[in-house]
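Asks:
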Amino acid sequence: MGVASKSPVGSPAVPYETIQTVWEARPRKYKSVLFQVCGFILMMELAERLSYFGISQGLKNFMQKIGWSLVSASALRSTWTSICFLSPLFGAYIADERWGRFRTILVFGIWYLIGDFIVAIAAYPKIMTNEAVVTPIFIIGLFLGIGVGTGAIKSNVITLGADQFNPHDPSEVHQKETFFSYFYFCINVGACFSFGYLSILCVDGSAQIPAEYGYFATYMICAVVMLFAIVMLCIGYPRYVLMPPNDRSISMLCRLMWSNCCQTRKGFLLVGSTFSFLAALVVNVISAFTASSGNIGNILSFVAAGLILVGIIGWVYVGQDQSFLDVSKRSQGGSFDDDRVEGYKKLVRVLPYAAFMIMWQCAYDQTDANFQSITQQCDLRLDRSDPDSKQVPGAMLTVFDPIVILLVIPILDSVVYPLYTKRFGKSPSQFGKTVVGLVIAIIGLAWSGIFEVIRRNVGPLYDANGDPILDRGSSQPMNDISWVAAIPNYVFIALAECLVNVTAYDLVYSAVPMSLKSTAQAVILFMSSMGSILTSAFMIMFSKSMPSDNLNEDHMENMFFTVSAASVVNLVFFIIVMRKMNMGMSSSPVFNHFGIEALGEKMSLVSHQSISVAK
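FYI, our numbering numbers position 601 of the sequence shown as 602, with every residue one higher than the one before it.
1. Would you report the Cα separation of A442 and F276, rounded to the nearest angstrom?
2. Starting from S294, follow its DSSP beta bridges and name the residues at the other end.
3. Is K330 helix, strand or coil by DSSP?
4. Taking its Cβ as the centre, do 16 or more other Cβ atoms sit within 10 Å of E498, making it buried, or is it exposed?
5. Among residues of its own chain, excluding the 5 on either side of Q58, which ones have a beta-carbon nearer than 6 Å to its beta-carbon?
6. Quick one: residues in its chain with C-beta nearer than 7 Å to the C-beta of Y365, no 5 flanking neighbours on either side, listed in chain order?
7. Near Q610, which residues of its chain fall below 7 Å by C-beta distance, leaving aside the five closest residues on each side in sequence?
8. Identify, in the order they occur along the chain, each residue of the same chain with its Cβ nearer than 8 Å to the Cβ of P620, setting aside the five sequence neighbours on each side.
9. If V72 sits next to M547, beta carbons under 8 Å apart, how far is it from one beta carbon to the other, in whole angstroms?
10. Taking the alpha helix (DSSP H) that F180 belongs to, which residues open and close that run?
11. Which full runs of the beta strand (DSSP E) of 3+ residues lie inside the region 324-381, going along the chain?
12. Please name the residue, chosen from F325, M560, G206 and D414, that lies closest to A218 on a Cα-to-Cα basis.
13. Measure the CB-CB distance between F91 and V149 and report whether it falls below 9 Å.
14. Three or more beta-carbon pairs under 8 Å between the region 416-434 and the region 223-236, yes or no?
15. Going by C-alpha to C-alpha distance, which of I455, V23, M358 and L234 sits closest to A567?
16. For the alpha helix (DSSP H) containing C263, name the first residue and the last one.
17. To which residues of the same chain is S8 closer than 6 Å at the C-beta, ignoring the five residues directly before and after it?
18. If you measure between the beta carbons of L35 and F144, is that distance less than 9 Å?
19. Between which two residues does the alpha helix (DSSP H) carrying M584 extend?
20. With a CB to CB cut of under 8 Å and the five nearest residues on each side skipped, what residues in its chain are close to G312?
21. Sorted by chain position, which residues of the same chain lie with C-beta nearer than 8 Å to F452's C-beta, five sequence neighbours on each side aside?
22. Which residue or residues does DSSP assign as beta-bridge partners of N480?
23. Applying the criterion that 16 or more other CB atoms from any shown protein chain within 10 Å of the CB defines a buried residue, is Q176 buried or exposed?
24. Rounded to whole angstroms, what's the CA-CA distance from K391 to G474? Just pull it up for me.
25. Among R104, S33 and D339, which one has its Cα closest to the Cα of P171?
26. Provide the residue span of the alpha helix (DSSP H) that contains K545, from first to last.
27. So what does DSSP say about P411, is it helix, strand or coil?
28. Use the C-beta contact count for G298: other C-beta atoms within 10 angstroms, 16 or more gives buried, fewer gives exposed.
29. With a 10 Å radius around its C-beta and 16 neighbouring C-beta atoms as the bar for buried, classify G110 as buried or exposed.
30. Determine the extent of the alpha helix (DSSP H) in which P126 is found, giving its start and end residues.
31. In angstroms with no decimal places, state the Cα-to-Cα distance between S83 and L413.
32. Residues in its own chain within less than 8 Å of F86 by CB, not counting five upstream and five downstream?
33. Under 6 Å Cβ to Cβ from V319, same chain only, skipping five residues before and after it: list those, please.
34. Please work out which residues of its chain come closer than 8 Å, Cβ to Cβ, to I154, disregarding the five sequence neighbours upstream and downstream, and give them in chain order.
35. Between the Cα of Y185 and the Cα atoms of W24, Y345, L51 and I251, which residue gives the shortest distance?
36. Which residue wins for smallest C-alpha separation from I482, given the options R256, D472, R456 and F372?
Structure representation (structure tokens):
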């Protein structure tokens, strides 16, 4: 078989036949690849997710305990989330183009482990009380360690597992489908343990662990569990099929964008708007760390939001006509393979849809960023007649989001969508699902603002001595309204999530050719990251409405009403542009596991079977 002397950029680097023989070259044949090979990967995923959720569930309260204000803690929490969603792009690049998946997971898993131990050290009581020491230790461990580590391995673990199954063996194809179900079951187990036991341990301690050692014990457990995850990964190494790093889709996209930047006005705008998003990340990080330093953080938050707006406008404008990329085709004097350019044109076409989803991701991020703060100043006691009754940890209510998703997605799939199809003679469109979901999110945000007014106005609880009854997690006064009343905040967002997130990943993923599926995932992760940045920016913008860590003295509802109003504007332009582009007007029941991993942390709690609504 001859080799051309010169091939256009984007031509396949490794023949298909080479990949096809990887499974046959496995030193030993296994009857059950699922358990004998992927069992180690599944155990690693369970342990890693337990570690991640164990760290994240108590993050806001811990930051406030070491001296950060409510606004700063919320902003930093969202900033950290944005890094966790951006770093998978780096991990995907390293795995696909440099090191391969196993080496990437191992190296950044150890990096992650070091971050876990550093955060645990910061939580040691004697260090916690020394603000000058604890802050740099904690920030290094959280942002540089865990933020980079968890993201870099995030999308590679499930892909490493999928690589183990021979697509030409019917038995292994069936095992592969089962693997995805087990994969999300493991996520569920790890997360439930974290939101259940660890959310209590970090606040109350245990019979053997004093309350002041609660966070230290929690984070040390997370570190030890992550060590176990790495050990399990390494034990299975001799059994793995290891794909060579031969995918160049991400670097090729960057080269294509840069080439067009120098040749066309729209190419320049595409690069400029993308850099605007990246600049927003940098500005937001500075803003989050200076939120308590006068007006600097507040001003920078407006700059970050403005940069995101510029990026959104740029993506929406550029994505409506992708013909500017044609100048890069080899047939027109360019240096890129024609078919590959056509594929990238399809990717650019979904950028407007992705850009409009940033505002939705901002709403979605409220479940982690701010709903917990509201819940913790409701009455969390199990026995409302006893001032010293045990309390439900505020972080635990986050579990209502995946519970609602677990219940609603099968109902949508088996009842609502079939009834719609029967009534109208066609299945609901991706556009229609998204619009309904965005409307529900707007209502949910408005309700959150209304609920905060109601909660604040009922007044605080007092014990027999006239002292306020405090939440043990945040040490703030609880008001005379049950924590149960805060559940609708989570329910509205979860309902919207069922319609928006699943549909968004379906549309973006199914719109591009097979060679660009991982790049489509990169767009999704990028979108999620920008949403978290916007959440952080809004939080700092409204810092003057929240001068106190006690929400009873603040007006957090102003932020919710503003985000809701901005979401209305976003929805109007979304409808106009999507109709103009005729995007998502017909149903596309294609959904794949590569998109599921990026659905967001709470979405990850749902089993694979219930997520696969479009199958």
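C-beta: ideal position from N, C-alpha, C; glycine also.
Replies: Judging by the given coordinates:
1. Start at 1 with the first residue of the sequence shown, and residue 442 comes out as number 441. Start at 1 with the first residue of the sequence shown, and residue 276 comes out as number 275. Their Cα atoms are separated by approximately 28 Å.
2. What you label residue 294 is simply residue 293 of the sequence shown in a count that begins at 1. Paired residues: none, contrary to the question.
3. Indexing the sequence shown from 1 puts residue 330 at position 329. Note: K330 maps to strand in three-state DSSP.
4. Indexing the sequence shown from 1 puts residue 498 at position 497. Classification for E498: buried.
5. Numbered from its first residue, the sequence shown carries residue 58 at position 57. Excluding positions up to five away in sequence, the list reads S195, F196, S200 and A396.
6. Counting from one through the sequence shown, the residue named residue 365 turns up at place 364. Result list for Y365: I494, E498, G532 and G601, in chain order.
7. Along the sequence shown, read from residue 1 onward, the residue named residue 610 stands at position 609. Confidence at Q610 is low in this model, with a pLDDT of 34, below 50, so the placement of that residue should be treated as unreliable; the coordinate-derived value is given next. Answer for Q610: S182, listed in chain order.
8. In the structure as shown, the chain begins at 2 and stops at 616. Residue 620 is therefore absent and cannot be evaluated.
9. In the sequence shown, residue 72 corresponds to position 71, counting from 1. In the sequence shown, residue 547 corresponds to position 546, counting from 1. Going by Cβ atoms, the distance from V72 to M547 rounds to 5 Å, so yes, they are a contact pair.
10. As a working mapping, residue 180 is identified with position 179 in the sequence shown. Here the alpha helix (DSSP H) through F180 covers P171 to F194.
11. none
12. For the purposes of this step, residue 218 is taken as residue 217 along the sequence shown, with counting starting at 1. The shortest C-alpha separation from A218 is found at G206.
13. Your numbering for residue 91 matches position 90 in the sequence shown. Your numbering for residue 149 matches position 148 in the sequence shown. A contact, by the Cβ cut-off of 9 Å.
14. no
15. By 1-based counting over the sequence shown, the position of residue 567 is 566. Checking every option, the nearest Cα to that of A567 belongs to M358.
16. Here residue 263 corresponds to residue number 262 of the sequence shown, with the count starting at 1. Neither: C263 is in no alpha helix (DSSP H) and is coded neither H nor E.
17. Reading the sequence shown from its first residue, position 7 is the one you call residue 8. Annotation note: pLDDT 46 at S8 (below 50); position unreliable, no value reported.
18. Taking the first residue of the sequence shown as position 1, residue 35 is located at position 34. Taking the first residue of the sequence shown as position 1, residue 144 is located at position 143. Result no, Cβ atoms of L35 and F144 do not sit closer than 9 Å.
19. For the purposes of this step, residue 584 is taken as the residue at position 583 of the sequence shown. No alpha helix (DSSP H) contains M584, which DSSP labels as neither H nor E.
20. Here the question's residue 312 lines up with position 311 in the sequence shown. Cβ within range, chain order: S274, T275, S277, F278, A281, A356 and M531.
21. Your numbering for residue 452 matches position 451 in the sequence shown. Cβ within range, chain order: I375, A486, A487, P489 and N490.
22. Stepping through the sequence shown from its first residue, residue 480 is reached at position 479. For N480, which the question treats as bridged, DSSP gives the partners P461.
23. Here residue 176 refers to the residue found at position 175 when the sequence shown is read from its first residue. Buried, since its Cβ has 16 or more Cβ neighbours within 10 Å.
24. As a first step, residue 391 must be located in the sequence shown, where it is residue number 390. As a first step, residue 474 must be located in the sequence shown, where it is residue number 473. Roughly 12 Å between the two C-alpha positions.
25. On the sequence shown, position 170 is the one that residue 171 refers to. When only C-alpha atoms are compared, the closest one is S33.
26. Position 544 of the sequence shown, counted from the first residue, corresponds to residue 545. Where K545 is concerned, there is no enclosing alpha helix (DSSP H), given that its DSSP letter is neither H nor E.
27. In the sequence shown, the residue the question calls residue 411 occupies position 410. Looking at P411 - three-state DSSP - the assignment turns out to be helix.
28. For the purposes of this step, residue 298 is identified with residue 297 of the sequence shown, where counting begins at 1. Looking at its Cβ environment, which holds 16 or more other Cβ atoms inside 10 Å, G298 is buried.
29. As a position in the sequence shown, residue 110 is number 109, starting the count at 1. By the 10 Å Cβ count, G110 comes out buried.
30. Residue 126 sits at position 125 when you count from the first residue of the sequence shown. It spans P126 to M129 - the alpha helix (DSSP H) in which P126 sits, taken as one unbroken run.
31. The residue you call residue 83 lines up with position 82 of the sequence shown. The residue you call residue 413 lines up with position 412 of the sequence shown. The straight-line gap from Cα to Cα measures roughly 30 Å.
32. Position 85 of the sequence shown, counted from the start, is the residue given in the question as residue 86. G152, L526, F527, S529, S530, S533 and A599.
33. Your numbering for residue 319 matches position 318 in the sequence shown. Closer than 6 Å at Cβ, skipping near neighbours: K267, L270 and L271.
34. Translated into the one-based positions of the sequence shown, residue 154 becomes position 153. The answer, listed in chain order, is E49, G92, T105, I106, F109, G110 and Y113.
35. For this step, residue 185 is matched to residue 184 along the sequence shown. Closest option to Y185, Cα to Cα, is L51.
36. Against the sequence shown, residue 482 aligns to sequence position 481. That would be R456, whose Cα lies nearest to the Cα of I482.
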